[in-house]
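One structure below.
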Amino acid sequence: MENDADRASGASFAAWRAEMAKEVRTLAALHAAEVDVEVIRRLGAANYPAESVLPIDDDDSRRAVDLMRQAVFELRDPTSQQIDELAVDYAAIYLTGALHLSPNESAWLDEDHLERQQPMFEVRNWYQRHGVRAADWRCRSEDNLSLQLTFIAMLLELEDQDAAMSEAATFMDQHLLRWLGDFGSGVAQRCSTKFYAALALYTHSVTVGLRAVVGELGGIPRFEIPASGGARPTGQQSDAAVQPMHYFPGAAPSW
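The numbering used here numbers the first residue of the sequence shown as 470 and each following residue consecutively.
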């Protein structure tokens, strides 16, 4: 029988999951579309990232948070030139392939580094299990970084706490965490703006921190899979109805 302490603990963790999902969705939005003046000003007004629901207890996480805060602070009153530079940098990272660092998983995990290969279909299987789908995978690959972040946020919000932790941890192990570190460090080295360099490193830091907390609370050890070679575990297909996902400029993609 559940006692008052158990209910309080469950409510507290549910609140943490909700806050964590909100933070992950914010990251998804920043990777999903180029930022404009309004978005930059909102981030500045919030002193983003003002507070974290994750522990910031190592040099890498502290550095990532500091870099993100500095990047946002330096854009607190952006000029038209700065906004143009951000737009060019966003296109180079996410749209044109100018940096040769794809935001899509297949390019990292496929043996030939091709887009829209088996890794994408494995991610699609995960989406189908949970009754969601991308609005148009031809326009934005289903294994895209922003979509995977949105999906992780959705998993954190599952009603069943144990399922939320297990599914989020397993998905990150099988997919995003296998390549996000390389993508993040590569973008930080090659991009042209401090904002997107910081965003890349901060996103990886948040994801690693999230996996650590979920693993500790749920007793779920990290299952590390090489970034290339070998069989990859897959999600299971489901006949559940799926809902389309749509994009709105400046807003996180929503399922």
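The C-beta atom is built at its ideal place from N, Cα and C for all residues, glycine as well.
The segment 485 to 503 and the segment 555 to 568 touch, with no fewer than 3 CB-CB distances between them shorter than 8 Å.
Pairwise C-beta distances place the segment 534 to 545 out of contact with the segment 576 to 583, as fewer than three of them are shorter than 8 Å. Sorting GLY655, SER610 and ALA514 by C-alpha distance to the C-alpha of PRO547 places ALA514 at the top. The three-state secondary structure of VAL508, taken from DSSP, is helix. Pairing VAL508 with TRP595, the inter-Cα distance amounts to about 31 Å. Separation of LEU627 and GLN550 (C-alpha to C-alpha, rounded to the nearest whole angstrom) is 42 Å. Beta-bridge partners of ASN613 (DSSP): ASN573.
With a minimum length of 4 residues, the unbroken runs of alpha helix (DSSP H) contained wholly in the segment 607 to 678 fall at 614 to 625, 630 to 643 and 649 to 659.
Distance from the CA atom of CYS660 to the CA atom of ALA666, rounded to whole angstroms, is 6 Å.
Here ASN516 is exposed: its Cβ has fewer than 16 other Cβ atoms, across all protein chains shown, within 10 Å.
Between the segment 668 to 675 and the segment 645 to 659, the count of C-beta pairs closer than 8 Å reaches three or more; the two stretches touch. Per the coordinates, the alpha-carbon of ASP651 lies some 15 Å from the alpha-carbon of ASN613. Apart from the 5 residues on each side of it in sequence, ALA483 sits with its Cβ closer than 8 Å to the Cβ of GLN630 in its chain, given in chain order. Within a 10 Å sphere around the beta-carbon of HIS644 sit 16 or more other beta-carbons, which makes this residue buried.
Going by beta carbons, SER610 and ASN573 fall inside the 8 Å limit. In the displayed model, LEU568 falls within coil according to three-state DSSP, outside both helix and strand. Taking the CA atoms as reference points, PHE590 sits about 17 Å from SER571. CA-CA distance, ALA556 to THR662, rounds to 10 Å. Of LEU679, PHE664, ALA633 and GLY688, the smallest CA-CA separation from LEU646 is found for LEU679. For ASP558, the closest alpha carbon among the candidates GLY684, PHE664 and VAL677 is that of PHE664.
Per the C-alpha coordinates, the member of ARG598, GLN587, ARG593 and ALA633 positioned closest to GLY684 is ALA633.
In this structure VAL522 does not touch LEU618 by the C-beta definition: roughly 16 Å separates them, more than the 8 Å allowed. A straight-line Cα-Cα distance of about 7 Å links ILE694 and ASP642. Under a 10 Å Cβ-count criterion, GLN539 is classified as exposed, with fewer than 16 other Cβ atoms of the shown protein chains found around its own Cβ. In this model, ASP605 and PHE620 are separated by some 16 Å (Cα to Cα).
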